[in-house]
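Undergrad: Here it is, the structure, as structure tokens.
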């Protein structure tokens, strides 16, 4: 959202592309808080790699093959983010490794924590079974 507001301002001539700023009267448009949805801090390359490791393991090994995957050892704050991503897929996970070398193992069975209400397939009006599609979570920028 912040980038969209900035792009619109550039198009309207409120911000310049170069180093020389454009002076414009104060208006109500300038009162918009463009940092409302900006992340507090940019994730590190290590954190992005760790989350991508989880996503690839789940989408290419755990779900289609039904095999558990042991992830690489990471810092505890990154392990927490990996755990959140695994839980968003509603899969089980185990903590492995030592206190100094923690890592996760993603298991192919569904997590029993906070499951959504029963989503058993129901017959449609024409007697056919309805198909549902689960959306995958987006990674934060």
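In the numbering used here, the protein residues as written are 600 to 740. The beta carbon of each residue, even a glycine, is placed where N, CA and C say it ideally should be. If you're wondering where the values come from, they're calculated on a predicted model, not measured in any experiment.
1) Closer than 7 Å by C-beta to residue 610: which residues in its own chain qualify, once you throw out the five before and the five after it? Chain order, please.
2) Applying the 10 Å Cβ sphere with the 16-neighbour rule, what's the burial state of residue 602?
3) Grab me the residues of residue 669's own chain with a C-beta within less than 7 Å of its C-beta, minus the 5 sequence neighbours each way, in chain order.
4) Beta-carbon within less than 8 Å of residue 706's beta-carbon, same chain only, minus the 5 sequence neighbours each way: which residues are those?
5) What does the Cβ neighbour count give for residue 606, buried or exposed, with the cut at 16 atoms within 10 Å?
6) Enumerated in chain order, which unbroken segments of the alpha helix (DSSP H) with a length of 4 residues or greater are wholly contained in the stretch 630–715?
7) To which residues of the same chain is residue 673 closer than 6 Å at the C-beta, ignoring the five residues directly before and after it?
8) Ends of the alpha helix (DSSP H) at residue 609?
9) How many Å lie between residue 643 and residue 677 at the Cα?
10) Answer with buried or exposed for residue 699, where buried requires no fewer than 16 other C-beta atoms within 10 angstroms of its C-beta.
11) Does the Cβ of residue 684 have 16 or more other Cβ atoms within 10 Å, making it buried, or fewer, making it exposed?
TA: Looking at the coordinates:
1) For the purposes of this step, residue 610 is taken as residue 11 along the chain shown, with counting starting at 1. Cβ neighbours of residue 610 within its own chain (closer than 7 Å, five residues either side excluded): none.
2) Stepping through the chain shown from its first residue, residue 602 is reached at position 3. With fewer than 16 other CB atoms across the displayed protein chains lying within 10 angstroms of its CB, residue 602 is exposed.
3) Numbered from 1 along the chain shown, position 70 holds the residue referred to as residue 669. Here the set comprises 695, 702, 704.
4) Position 107 of the chain shown, counted from the first residue, corresponds to residue 706. Excluding positions up to five away in sequence, the list reads 661, 667, 690, 691, 692, 693.
5) Within the chain shown, residue 606 is the residue found at index 7, counting from 1. Burial check for residue 606: the Cβ neighbour count within 10 Å stays below 16, so the residue is exposed.
6) Taking 4 residues as the shortest admissible run, the stretch 630–715 contains the following complete alpha helix (DSSP H) segments, listed from N- to C-terminal end: 644–656, 675–687.
7) As a position in the chain shown, residue 673 is number 74, starting the count at 1. Once the five neighbours on either side are set aside, the close Cβ partners of residue 673 are 649.
8) Along the chain shown, read from residue 1 onward, the residue named residue 609 stands at position 10. It spans 601–611 - the alpha helix (DSSP H) in which residue 609 sits, taken as one unbroken run.
9) Position 44 of the chain shown holds residue 643. Position 78 of the chain shown holds residue 677. Rounded to whole angstroms, the gap between the alpha carbons of residue 643 and residue 677 is 10 Å.
10) Along the chain shown, read from residue 1 onward, the residue named residue 699 stands at position 100. Within a 10 Å sphere around the beta-carbon of residue 699 sit fewer than 16 other beta-carbons, which makes this residue exposed.
11) Position 85 of the chain shown, counted from the start, is the residue given in the question as residue 684. Answer is buried; the Cβ neighbour count reaches 16.
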